[in-house]
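In our numbering, the protein residues as written are 2 to 323.
Note that the Cβ used here is the ideal one computed from N, Cα and C, for glycine as well.
Nothing here was measured: the structure is a model prediction, and the numbers come from that model.
And the structure:
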């Protein structure tokens, strides 16, 4: 997330740095800047670069040099998106997260235009690309598994974030591309060979669940991990679900996922203002979104905090990994 001074709405750099280190200590193995929860659409290009640079710097100074930064870099033109990818790389981002173009939806919302967009951007980007399938942010454009698999044959496209929450789609893509998935006694002893070959790929494909609400379901489906807004508030609980699955402790993993899903739904409904309010309530920083997003009232903030208390009791009882 991106944090602001409550009076001036300037970037709150200390809070941004503190947040990055807190998440890494909790066990998150990668962080996103300039995603949906990061309010990228409210920031100038210079501010976007600053957030990514400060996040990378804070992680490095805290000893988390191995934790990659993934930065959103979506524009509606191919040229503009490539420029943003270059700026992400210069700011220290190792990967970039990109939505399909949508402003001229009638003209560019078809499979061929989306294919051309991603492959052209991948040709010009100095860093690997993770596609971002989030219909709610792009006028309802929802890439199907066939299109995602086709685009993903480009060697510089290394993953997809499924905020569409379609586990069937995630399963098909993960299986076809041989996505990284954590070892678990609960997983098949042998996975089917990928049906799509990527001989020039920069590394093995990653298939991310896009919401904490289906962390366990992502892993069961052969996915890699999650990139989720709820992890800003409950990173240890997200890590716990992952670890319980990896250890073969399914009953406990289901219980942890139920706690996570209940709280994540509260955050989803209250959106960015509610997520920031929850961080403020439980961690002492967070503040407010930039206008025109509204600030929660004291009563609304208390309601969010109260509704996630059960999950937060678990979260705060867990220890940092690092």
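For residue j and residue i, the rounded distance between their alpha carbons
i           : j           : result
residue 180 : residue 276 : 30 Å
residue 122 : residue 84  : 9 Å
residue 173 : residue 146 : 7 Å
residue 263 : residue 2   : 21 Å
residue 126 : residue 86  : 6 Å
residue 106 : residue 163 : 20 Å
residue 175 : residue 135 : 17 Å
residue 322 : residue 24  : 10 Å
residue 240 : residue 30  : 10 Å
residue 124 : residue 157 : 7 Å
Per DSSP, cross-strand counterpart(s) of residue i
i           : result
residue 134 : 163
residue 209 : 162 and 226
residue 96  : 71
residue 5   : 12
Coarse secondary structure for residue i, derived from DSSP in three states
i           : result
residue 34  : strand
residue 192 : coil
residue 313 : helix
residue 171 : helix
residue 45  : coil
residue 201 : coil
residue 129 : coil
residue 187 : coil
Element boundaries [alpha helix (DSSP H), containing residue i]
i           : result
residue 11  : Careful: residue 11 lies outside any alpha helix (DSSP H) and carries neither H nor E.
residue 262 : 251 to 284
residue 302 : 299 to 308
residue 217 : 216 to 221
residue 243 : 236 to 247
residue 148 : 146 to 152
Does the region 88 to 98 touch the region 51 to 62, meaning 3 or more C-beta pairs lie closer than 8 Å? At 8 Å Cβ cutoff, the stretches touch.
Three or more beta-carbon pairs under 8 Å between the region 62 to 73 and the region 269 to 288, yes or no? Three or more beta-carbon pairs separated by less than 8 Å are not found between the region 62 to 73 and the region 269 to 288, which leaves the two stretches without contact.
At least 3 beta-carbon pairs within less than 8 Å: the region 212 to 223 vs the region 164 to 171: These segments touch.
Inspect the CB distances between the region 222 to 229 and the region 11 to 20 and report whether three or more fall short of 8 Å. Result no; under three Cβ-Cβ pairs closer than 8 Å.
Would you call the region 250 to 259 in contact with the region 292 to 302, where contact means no fewer than 3 C-beta pairs closer than 8 Å? By the criterion of at least three beta-carbon pairs nearer than 8 Å, the region 250 to 259 is not in contact with the region 292 to 302.
Cβ contact check for the region 228 to 237 and the region 181 to 188: 3 or more pairs under 8 Å: The region 228 to 237, when compared against the region 181 to 188, does not touch it at the 8 Å Cβ threshold.
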